[in-house]
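Mapping of the sequence shown onto the numbering used here: residues 174 to 277, in sequence order. C-beta atoms are modelled at their ideal positions from N, C-alpha and C, and glycine is treated no differently. Some notes on the structure that comes next.
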Amino acid sequence: MSAYVLFVMNRLDEDSGEAALAEYRNLARPARLKYGGEVRVFQEFYKNAPVENAEGQWSPMAVILTEFESMEKAKEFYHSPEYQAAFRERQKASEFTVSFPQGT
């Protein structure tokens with residue numbers, strides 16, 4: 174059964190954010206590919222139009238939804254040394270909420 178890693182960006186440092194995210198992407202992509210992850214949603218609202226809410230209030234700066242073949246693979250990716258190196262880079266200039274939704 175598919176599982177996902179949902180990344181929601183809540184804050185990005187104005188001074189060093191873009192550079193840190195660029196390095197994060199360079200490190201995260203090979204890790205994602207190694208563990209079989211496929212990006213299903215990638216939207217940077219801070220660069221484009223804001224998110225359109227149907228109900229409630231939610232204003233993330235970005236949302237990334239990555240699909241894995243199983244919850245085991247999703248967590249293996251997230252906790253891997255490769256991804257944790259990317260995570261440390263991302264942490265320098267941003268704050269994210271990360272969740273593991275289970276597919277159906």
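Residues near residue i by beta carbon distance below 7 angstroms, same chain, minus five either side
i: LEU185; result: TYR219, MET234, ALA266, SER267
i: LYS207; result: GLU255
i: GLN216; result: ALA235, VAL236
i: PHE260; result: none
i: PRO203; result: GLU255
Where residue i sits in the DSSP three-state scheme
i: ALA176; result: strand
i: ASN199; result: helix
i: GLN216; result: strand
i: ALA193; result: helix
Close Cβ partners of residue i (< 8 angstroms) along its chain, the five nearest in sequence each way excluded
i: GLU249; result: TYR208
Reference residue i, options the options, closest by Cα
i: SER175; options: ALA258, ARG213, ARG202, GLN230; result: ARG213
i: LEU200; options: TYR177, THR270, ARG263; result: ARG263
i: THR277; options: SER253, PHE241, ALA258; result: PHE241
Close Cβ partners of residue i (< 6 angstroms) along its chain, the five nearest in sequence each way excluded
i: VAL224; result: PHE218
Checklist entry - Which parts of the stretch 207–274 are runs of the beta strand (DSSP E), unbroken and 3 residues or longer, counting only runs that do not cross its ends? => result 211–217, 235–241, 267–272
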